[in-house]
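What follows is a set of notes on a single structure, which appears directly below.
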Amino acid sequence: MGIYRDGQIFLYGFVGDSWWDEGFTTMEVIEALAEHGRDEDVTVRMDSGGGYAMEGLSTYNALKAHGGKVTLQVDAMSGSAASLIAMAADEVVMKQGALMMIHDPSGIAWGTAEEHEKSAKLLNMQATEFAKIYASFSGKDADEVRGLMKVETWMTGEDAVEQGFASSHEAGVQSLMSCQPFDFTMYSKAPKELVTMTRSNKWDKEPETTPPTQEDGKHMPKTDEEIAQMVADAEARGKAEGAKEGAASYMKLQKQVMALPQAQTQPALAESFMADGMSFEAIKAKFDLMVSDEKPDDDGQDVDPQKYAEMRQNGAGLSGGGAPQKSSMNTRDVYRKRRERAVA
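Residue numbers (numbering that gives the first Met the number 0): 0 to 343.
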């Protein structure tokens, strides 16, 4: 289910693309805002313990650029990177029992003392910039906000309004037992209720990978047809996940290529080059060669853009396709890389 539902945007779960945790990304927010209407007022619902610091910053900027009024309701939790996102709203409403937390961004560094010093410098730069964002919304001095961030400040709805980080709050006490899964044990001053909830639900545990048991075996595919279907399903999921990224890359390439003078005079040929998967540099070199030789191809004949497109469509002049190359990166590598990203 997407984050845009019934005219509202739901920022629930982990901030960023996480291997294990469900959540939302900046691109999803941008797409939701576009679907809603760039100049229309919008309500954003939030329940997030945080996530990747820079993903939070990019999501903040996406909401900040929205043309209509942004009203953000904190349904249960707005912590770390999520609270930074909340500062992009024109109005922040703390629902009954909701909490907010601000703190310094953190990260993991390996290597020499010099490399650790570089990491510390980067984190301090990020924290300084984040403090300015919190200060802009709250009206506080940036140095005062940085002080609150350094000690990891947790706020009730009433506290958040008093400190200037929220516009209003709903009175009353409500349990946070229904908040989104998040490992709150990573925060030094997390309320005991959240820590207990994390441990009882095992949100602080990474999923274990164990060999299949005999009991599991009865659910495993036994026929070639079942195995083929599993492969097809996996390929379909992979194509769906890569569709958005692929579309964005193609749009960028198209913008670069169509700016070339040769592409403007022969757009069909340019489109054919792009459809063949050629890079911008390769396409530019191809056009430059055609101009310098005053002949587009090796046999001295002029290229008909329409014929070239038809030849490409029919596979003429192409080498055998062959099976796509398998990725050399496994899930362990992906997870390890993502864990290396700064968490805030």
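A virtual CB, placed ideally from N, CA and C, is assigned to each residue, including glycine.
G6 and H168 have their C-alpha atoms spaced approximately 22 Å apart.
For A75, the closest alpha carbon among the candidates E128, D40 and G156 is that of G156. Here T24 is buried. Its C-beta has 16 or more other C-beta atoms within 10 Å. In chain order, G22, T24, G50, Y51 and E54 place their CB closer than 7 Å to the CB of G15, counting only its own chain and leaving out the 5 sequence neighbours on each side. Non-local beta-carbon contacts of R145 in its own chain, meaning distances under 6 Å to residues more than five positions away in sequence, involve A130 in chain order. The beta-carbon distance between S135 and Q162, rounded to whole angstroms, is 14 Å. This is too long to meet the 8 Å contact definition. The DSSP-derived three-state label of V92 is strand.
In this chain, S79 is not harboured by any alpha helix (DSSP H), its DSSP state being neither H nor E. The C-beta of D46 has 16 or more other C-beta atoms within 10 Å across all chains shown, which makes the residue buried.
For the pair N123 and D158, the Cα-to-Cα distance works out to about 26 Å. C-alpha of E90 to C-alpha of S166: approximately 6 Å in a straight line.
When the Cα atoms are used, K63 and M99 turn out to be separated by approximately 19 Å. Taking a contact as a CB-CB distance under 8 Å, the pair M257 and Q265 does not count as one, their CB atoms being some 11 Å apart. About 6 Å separates the beta carbon of Y59 from that of M86, a gap short enough to meet the 8 Å contact definition. One alpha carbon belongs to S118, the other to E27, and they sit about 29 Å apart.
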